[in-house]
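Student: In the working numbering, the protein residues as written are 6 to 301.
Ideal placement from N, C-alpha and C gives every residue a C-beta, glycine not left out.
Since this is a predicted model, take the numbers as computed values, not measurements.
Have a look at this one.
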């Protein structure tokens, strides 16, 4: 308490962390419930659709609690036991000046609960178009109703569905899908496929009203709009044992969203690189590829 009000302002806008494994981990325990429905209407014999609901709850979750959660839950009294993971420098009490003496311990541990609910949807329809060949349409999508995280059993809970950022990590849109349209040409075995990839919009987790997530953030990048990409490919057999494919992904050469690192970061360096979420958005731009497959 003697140091209250005397701590230096953290001009680095980040804190030191120490991350490691843990030989004392025990297995996670999960309850998984799924319910499915397949639809094949007689009035549309070429249509097959399915809906699968999922409800998954994982206890004793193996995870590395984010340093933000550790500091908030300790400071607000939500989970006092996490205060033992905060190591301040003995002379200046900082968490950022000397990584050897000041850091937050984020080693993996068995803590908390992780649960999610949602729907997986799939549909396929084909239609002959006479001498012009055949058209096929396919949809595969996922709706995430919620993605609840409770890092420690007695601590606060927050929902990362539709969010991204320093605590929630990579963008988790509530809806995403891939829709394909394929044309089977009546000559030479040619197949042409147009693919539409969609990711719904997301908001930075810092904009949430939940105390576990809420904090200051860059207003200009607090929201990432929905993203769409269109790909085109063509397949043609070469004899009876080979196939040639030519395609182009991201036809419009759409750039990924720019998410800054640094002060009030929405793009932590540990899980986000090149000022964007490279595991979620297409960062290569338009690219053309060719493929030859041979059956032995």
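Tell me the rounded alpha-carbon separation between residue 245 and residue 61.
Tutor: Here the question's residue 245 lines up with position 240 in the chain shown. Here the question's residue 61 lines up with position 56 in the chain shown. Taking the straight line joining both Cα atoms gives about 45 Å.
Student: How many angstroms separate the CA atom of residue 259 from the CA atom of residue 232?
Tutor: Stepping through the chain shown from its first residue, residue 259 is reached at position 254. Stepping through the chain shown from its first residue, residue 232 is reached at position 227. Answer to the nearest angstrom: the Cα atoms are 9 Å apart.
Student: Whole angstroms are fine: how far does the CA of residue 226 sit from the CA of residue 264?
Tutor: Taking the chain shown and counting its residues from 1, one reaches residue 264 at position 259. Taking the chain shown and counting its residues from 1, one reaches residue 226 at position 221. Distance between the alpha carbons of residue 264 and residue 226 is about 7 Å.
Student: List the whole-angstrom C-beta distance separating residue 206 from residue 228, where the pair is believed to meet the contact cut-off of C-beta under 8 Å.
Tutor: Here residue 206 refers to the residue found at position 201 when the chain shown is read from its first residue. Here residue 228 refers to the residue found at position 223 when the chain shown is read from its first residue. Going by Cβ atoms, the distance from residue 206 to residue 228 rounds to 7 Å, so yes, they are a contact pair.
Student: Out of 199, 54, 89, 158, which has the shortest C-alpha to C-alpha gap to residue 72?
Tutor: Within the chain shown, the letter at position 67 stands for residue 72. Taking only the C-alpha atoms, the option nearest residue 72 is 89.
Student: Do the CB positions of residue 26 and residue 68 come within less than 8 Å of each other?
Tutor: One-based indexing of the chain shown puts residue 26 at position 21. One-based indexing of the chain shown puts residue 68 at position 63. No; because the gap between Cβ atoms is not below 8 Å, this pair is not in contact.
Student: Can you list, in chain order, the residues of its chain whose CB lies under 7 Å from that of residue 212, leaving out five sequence neighbours each side?
Tutor: As a position in the chain shown, residue 212 is number 207, starting the count at 1. Once the five neighbours on either side are set aside, the close Cβ partners of residue 212 are 222, 227.
Student: Output the boundary residues of the alpha helix (DSSP H) element that contains residue 73.
Tutor: One-based indexing of the chain shown puts residue 73 at position 68. Taken as a continuous stretch (DSSP letters only), the alpha helix (DSSP H) holding residue 73 covers 72 to 80.
Student: Straight-line CA distance for residue 94 to residue 288?
Tutor: Along the chain shown, one-based indexing puts residue 94 at 89. Along the chain shown, one-based indexing puts residue 288 at 283. Straight-line Cα distance between these residues: approximately 40 Å.
Student: Thinking just about the alpha-carbon of each residue, which of 224, 186, 175, 122 is nearest to the one in residue 281?
Tutor: Within the chain shown, the letter at position 276 stands for residue 281. Ranking the options by Cα distance to residue 281, first place goes to 175.
Student: On the criterion of 16 or more Cβ atoms from any shown chain inside 10 Å, does residue 294 qualify as buried, or is it exposed?
Tutor: On the chain shown, residue 294 is found 289 positions in, with the first residue counted as 1. Residue 294 should be labelled exposed.
Student: Look at the alpha carbon of residue 98 and the alpha carbon of residue 107, and state the distance between them as a whole number of angstroms.
Tutor: The count along the chain shown starts at 1 and reaches residue 98 at position 93. The count along the chain shown starts at 1 and reaches residue 107 at position 102. Their backbone Cα atoms lie some 8 Å apart in a straight line.
Student: Please state the DSSP three-state secondary structure of residue 122.
Tutor: Here residue 122 is taken as the residue at index 117 of the chain shown, counted from 1. Residue 122 falls in the strand class under three-state DSSP.
Student: Under a Cβ-count criterion, where at least 16 other Cβ atoms within 10 Å of its own Cβ denotes burial, should residue 192 be classed as buried or exposed?
Tutor: Here residue 192 is taken as the residue at index 187 of the chain shown, counted from 1. Label assigned to residue 192: exposed.
Student: Can you give me the start and stop residues for the beta strand (DSSP E) that residue 285 sits inside?
Tutor: Stepping through the chain shown from its first residue, residue 285 is reached at position 280. From DSSP, residue 285 is part of no beta strand (DSSP E); its letter is neither H nor E.
Student: Tell me the DSSP bridge mates of residue 242?
Tutor: Here residue 242 refers to the residue found at position 237 when the chain shown is read from its first residue. Note: residue 242 sits in a beta bridge opposite 248.
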